[in-house]
Amino acid sequence: MIFDPAEHSPMECQFMLSQLIVPRPIAMVSTQSSDGIPNIAPMSYFLPITGDPMLVGLTMGLREDGTQKHTYLNATESGDFVVNIASDVFADQIEVVAFESDAIANEFAATGWTPVAATKVSSPAIGEASARLECEIRKVIELGTPEVPFGEVHLVIAEVVWVWFSDDVLNENERIDPLKLAPISRLGLRSFLKTVPEAVYSLPRISAEEYAALDGRS
Ligand SMILES: Cc1cc2nc3c(=O)[nH]c(=O)nc-3n(C[C@H](O)[C@H](O)[C@H](O)COP(=O)(O)O)c2cc1C
Numbered sequence: 038m039i040f041d042p043a044e045h046s047p048m049e050c051q052f053m054l055s056q057l058i059v060p061r062p063i064a065m066v067s068t069q070s071s072d073g074i075p076n077i078a079p080m081s082y083f084l085p086i087t088g089d090p091m092l093v094g095l096t097m098g099l100r101e102d103g104t105q106k107h108t109y110l111n112a113t114e115s116g117d118f119v120v121n122i123a124s125d126v127f128a129d130q131i132e133v134v135a136f137e138s139d140a141i142a143n144e145f146a147a148t149g150w151t152p153v154a155a156t157k158v159s160s161p162a163i164g165e166a167s168a169r170l171e172c173e174i175r176k177v178i179e180l181g182t183p184e185v186p187f188g189e190v191h192l193v194i195a196e197v198v199w200v201w202f203s204d205d206v207l208n209e210n211e212r213i214d215p216l217k218l219a220p221i222s223r224l225g226l227r228s229f230l231k232t233v234p235e236a237v238y239s240l241p242r243i244s245a246e247e248y249a250a251l252d253g254r255s
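For the sequence shown, the residue numbers in the working numbering are 38 to 255.
Now the structure itself:
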């Protein structure tokens, strides 16, 4: 099969990326509207950008009715959001918070998750998350083709101004243990991936001598 982006709609191109660039980490993004209504949405077009400054990026499209996502409206109005790292506790309700509800819906009430105050930003965090990044928006880059249905896309670049994680995700060396953090990620279509011991493996760093031997130089 081949896929020529020039022959496809923005939606089909995005769908192709979504099926092939997998698994993608899921940011559970929590925000709050100016009238105090909290919101949660999963976002898997989510990437680390740099450590200095400590930046992350999120790509936010339009809702199915063609309007802006509440996450985008809330975050650009308040200037901040919280990325709660999705793990097992969120697994069964990812589609509940992805549901494009009306303006008055409170996704904390719908899921039973607990809103907690963030340390540095105005957006609420999710109490059940074992790690979170508190983010302040630094730049929004408009991408896509707004004239085409669903062609409007915002790349939101934000600085992580505070990181919190539970002691429960640490290993004996005080490093974050991937199996204890146990992130959930998104695969193509309606599939998700859990971080389970039988799927995780480690490799030691290779030394210069070992590499040279493989390379036939010694
Ligand atoms: C696993 C998953 C990942 C998603 N990733 C994104 C994303 O990266 N960007 C985006 O705009 N929408 C994404 N969506 C869709 C939003 O979560 C959905 O539109 C959400 O309801 C937006 O809600 P809001 O209007 O309350 O912000 C994703 C949905 C799921 C289930």
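Glycine residues also receive a C-beta, built at the ideal position from the N, C-alpha and C atoms.
Contact check, residue i vs residue j, beta carbons under 8 Å
i: S167; j: L218; result: yes
i: V119; j: C172; result: yes
i: Q194; j: L92; result: Looking at the sequence provided, one finds Ile at residue 194 rather than Gln. Yes; because the gap between Cβ atoms is below 8 Å, this pair is in contact.
i: P234; j: L251; result: no
i: P90; j: E209; result: no
i: S222; j: P62; result: yes
i: N121; j: I163; result: yes
Member of the options whose CA lies at the smallest distance from the CA of residue i
i: V158; options: L216, W150, E165 and R169; result: R169
i: T148; options: F136, A154 and F187; result: F136
i: S81; options: A123, W199 and E144; result: A123
i: I178; options: D102, L95, E211 and R227; result: L95
i: P47; options: I86, P75 and T182; result: T182
i: Q56; options: D139, R227 and H107; result: R227
i: H191; options: W150, V126, M97 and P75; result: M97
i: S239; options: T87, V198, D214 and D139; result: D214
i: N76; options: F52, D102, H107 and P60; result: H107
Straight-line Cα distance separating residue j from residue i
i: A142; j: V134; result: 10 Å
i: L54; j: G225; result: 9 Å
i: T113; j: E189; result: 16 Å
i: V200; j: A128; result: 22 Å
i: E24; j: F40; result: Outside the shown range of the chain, which is 38 to 255, sits residue 24, and nothing can be said about it.
i: L84; j: A78; result: 16 Å
i: R242; j: A146; result: 46 Å
Pairs of beta-carbons, one from the stretch 61-77 and one from the stretch 195-206, closer than 8 Å: are there three or more? The stretch 61-77, when compared against the stretch 195-206, does not touch it at the 8 Å Cβ threshold.
Taking 5 Å as the limit, name every residue whose beta carbon sits nearer than that to some heavy atom of ligand 1, in sequence order. Qualifying residues, in the order they occur: N76, A78, P79, M80, S81, Y82, M97, G98, K106, H107, T108, A135, E137 and R223.
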